[in-house]
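Chemist: Just passing along the structure, written as C-alpha cells.
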Amino acid sequence: MNITKDIFYVGVNDLDIDLFEGQYVVPKGMSYNSYLIVDEKTAVFDTVDARFTDAWLANIRAVLGDRAPDYLIVQHMEPDHSANIANFLAAYPTATVVATARAFAMMGQFFGTDYADRRIVAAEGSTLNLGTHTLTFVTAPMVHWPEVMVTYDSTDRVLFSADGFGKFGAFDADEPWTDESRRYYIGIVGKYGMQVQALLKKASKLDIAMICPLHGPVLSENLGEYLRLYDLWSSYTPESDDICVCYTSVYGNTKKAVLQLVEKLREAGQNVVVYDLARSDMSAAVADAFRCAKVVLATTTYNAEIFPFMNDFIHHLTERNFQNRTIGLIENGSWAPMAAKTMREMLAQSKALNILDPVVTIKSALNDQSAAQLDALCEALCRPAAAASAEAAAGGKKFVCKVCGYTYTGESLPEGFTCPLCKRPATAFVEAE
Numbered sequence: 043m044n045i046t047k048d049i050f051y052v053g054v055n056d057l058d059i060d061l062f063e064g065q066y067v068v069p070k071g072m073s074y075n076s077y078l079i080v081d082e083k084t085a086v087f088d089t090v091d092a093r094f095t096d097a098w099l100a101n102i103r104a105v106l107g108d109r110a111p112d113y114l115i116v117q118h119m120e121p122d123h124s125a126n127i128a129n130f131l132a133a134y135p136t137a138t139v140v141a142t143a144r145a146f147a148m149m150g151q152f153f154g155t156d157y158a159d160r161r162i163v164a165a166e167g168s169t170l171n172l173g174t175h176t177l178t179f180v181t182a183p184m185v186h187w188p189e190v191m192v193t194y195d196s197t198d199r200v201l202f203s204a205d206g207f208g209k210f211g212a213f214d215a216d217e218p219w220t221d222e223s224r225r226y227y228i229g230i231v232g233k234y235g236m237q238v239q240a241l242l243k244k245a246s247k248l249d250i251a252m253i254c255p256l257h258g259p260v261l262s263e264n265l266g267e268y269l270r271l272y273d274l275w276s277s278y279t280p281e282s283d284d285i286c287v288c289y290t291s292v293y294g295n296t297k298k299a300v301l302q303l304v305e306k307l308r309e310a311g312q313n314v315v316v317y318d319l320a321r322s323d324m325s326a327a328v329a330d331a332f333r334c335a336k337v338v339l340a341t342t343t344y345n346a347e348i349f350p351f352m353n354d355f356i357h358h359l360t361e362r363n364f365q366n367r368t369i370g371l372i373e374n375g376s377w378a379p380m381a382a383k384t385m386r387e388m389l390a391q392s393k394a395l396n397i398l399d400p401v402v403t404i405k406s407a408l409n410d411q412s413a414a415q416l417d418a419l420c421e422a423l424c425r426p427a428a429a430a431s432a433e434a435a436a437g438g439k440k441f442v443c444k445v446c447g448y449t450y451t452g453e454s455l456p457e458g459f460t461c462p463l464c465k466r467p468a469t470a471f472v473e474a475e
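For the sequence shown, the working numbering assigns the number 43 to the initial residue and increments by one for each residue that follows.
Structure representation (C-alpha cells):
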C-alpha cells in the first residue's frame, strides 16, 4: 500500500502469535512493519520476523518488480525486525546495508558477518541521498536497544521511528491507539524514559507530518497528542487522577476489603480500575499503574513476604522506573502481618512516591479497627494527587548518593537500603541541605 507517492508499506501481519516477546498477550496479533522508498535509488527500511521471509520478499517484488533495491536500512536489531537481513542480501547481492556501528557488531553475532564489504555506517546527523528524498539518521541509543537509530525523510516529512510509537495489534487492527500503545511502551520501553526524552528533544526540531513505526499503524493525524502522551510516559508523569487498585487474595478476605474500598471510592466520585493480579493480564495492570496518579496495593503475607503475583507486579513496576505516584497499602496476615513492610522495601528504590497513612492492616478478616483504617485510606485517596504529593514533598527529606548522585526522598533511608543505580549501601548517602 502507498504511504505517500514514493513510500510503500511492505510489512506483514502476524495473526497467529499469542504472546509477543513470550509474555505480552496480543489478541489482535502483531505487525512487523517494513517500508520502501522508490526514488532514483531505492531503500528498504528494516526486515520482518523470520517466519514471514517469503511474504515480505514478495511484497518488495510487488512494488519493485525486477528492480533491485539499492539500500537496506536497519534501524533496530531485535530479531522481529532484523531476522531477514541475510536473506535479503542473498536475494539482492548488489544492495548496501545502512546501520549504526553497534548494529553491524550485532550482525556479526547474529549472522557471522558484519558485512564490511557492503555497508555504510550511519552516525548522528549523517545523510543519504536517494534522488528526490534525502534521509537523515538520528541515533537513539537505548530506545530501547543500544544500536537503535531513527530516520527522517525531509522530502515527505516522515519520521521512521523504529520501535518508538509502536503498538500491539495488527497493522490494520480496528481499535484505539492509546491503550495498546501505552501497554506496549510501558512494557517494552518503559525503563528508558530518560533516553526517550532525549529522542523527543531531537524530534522536536524536525518538521514531522507522519510517523512510521515498526509496529502498529502509520500515524498521520493528531501527532501532537501522540507526542504529548510519549512525553508523559517517558517523564513518568500520570495521565490522570484515576486510582488503580491491584490485589491478591487467597481465601477472599483481602478481596472483600478491596471491594469495599473500591465501592467507597466510586461513591465518592473517583474513577477506579481494579486488577486481581492472579487472573488479570499483568502487562495491562502495569500500564494502568503508570497511567493513574494513585495506586493501591493489597496483598497477603505469604512465607513472611508477599504473595507471588504481587511480588512480580511490584518488580515489574520498579524495573520500569515507577515514580511520581501516590500509594495506598493494604496488608493481611493471620498471625504476623508483614506484607506492608515488604512492599515498602520493594518500593524503596522508586523515586517520589507518596505512601499514604494509614496502612490498612487486616488480621484474617476486617474488624472495626481495620475498617476504620480503610475509611481513612479512602479519604486520603480522594484528595487530589497534586496536593498529596505536595504534602509528601514538604514532609520528606532528600538523601543523595555521594557516588552516583541518585536522590532518595523520604523521612529516612529504609533499613538495608542500597542505591538502585550504583548498588552502594546507605552509608554512601548524605542528607541534602
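Note that the Cβ used here is the ideal one computed from N, Cα and C, for glycine as well. Computed from a prediction, not measured in an experiment: that's the story for all the values here.
Quick check: residue 346 and residue 380, are their CB atoms within less than 8 Å of each other?
Modeler: yes
Chemist: Can you tell me where the alpha helix (DSSP H) holding residue 220 begins and where it ends?
Modeler: Segment 219–226, the alpha helix (DSSP H) holding residue 220.
Chemist: Relative to the alpha-carbon of residue 392, which residue among 176, 83, 455 has its alpha-carbon at the smallest distance?
Modeler: 455
Chemist: Out of 108, 221, 72, state which residue places its alpha-carbon closest to the alpha-carbon of residue 213.
Modeler: Just measuring C-alpha positions, the residue of 108, 221, 72 sitting nearest residue 213 is 72.
Chemist: Counting Cβ pairs, one atom from each stretch, are 3 or more of them under 8 Å apart for the stretch 235–251 and the stretch 279–287?
Modeler: Because the criterion of three Cβ pairs below 8 Å is not met, the stretch 235–251 and the stretch 279–287 do not touch.
Chemist: Residue 58 by DSSP, collapsed to three states: which one?
Modeler: coil
Chemist: What first and last residue would you give for the alpha helix (DSSP H) that runs through residue 412?
Modeler: 410–423
Chemist: Mark residue 292 as exposed unless 16 or more other C-beta atoms lie within 10 angstroms of its C-beta, in which case mark it buried.
Modeler: Around the beta-carbon of residue 292, fewer than 16 other beta-carbon atoms lie within 10 Å, marking it exposed.
Chemist: Taking the alpha helix (DSSP H) that residue 161 belongs to, which residues open and close that run?
Modeler: Residue 161 -> not in any alpha helix (DSSP H); beta strand (DSSP E) instead, spanning 161–163.
Chemist: In its own chain, which residues sit with a C-beta less than 6 Å from the C-beta of residue 441, not counting the 5 before and 5 after it?
Modeler: 450, 455, 471, 473
Chemist: Could you spell out the range, first to last residue, of the beta strand (DSSP E) harbouring residue 278?
Modeler: Unbroken run through residue 278: none, as it is neither H nor E.
Chemist: For residue 27, which option in 220, 233, 239 has the closest C-alpha, if you only look at C-alpha atoms?
Modeler: Because the chain here runs from 43 to 475, residue 27 falls outside it and cannot be looked at.
Chemist: Can you say whether residue 368 is buried or exposed, counting buried as having 16 or more other CB atoms within 10 angstroms of its CB?
Modeler: buried
Chemist: Consult DSSP for residue 52 and reduce its assignment to one of helix, strand or coil.
Modeler: coil
Chemist: Quick one: grab the DSSP three-state call for residue 169.
Modeler: strand
Chemist: At 3 residues or longer, and completely inside the stretch 302–358: list those beta strand (DSSP E) runs for me, N to C.
Modeler: 314–318, 334–344
Chemist: Apart from the five residues on each side of it in sequence, which residues of its chain come closer than 6 Å, Cβ to Cβ, to residue 356?
Modeler: 388
Chemist: With distances taken from CA atoms, which of 331, 55, 286 is nearest residue 69?
Modeler: 55
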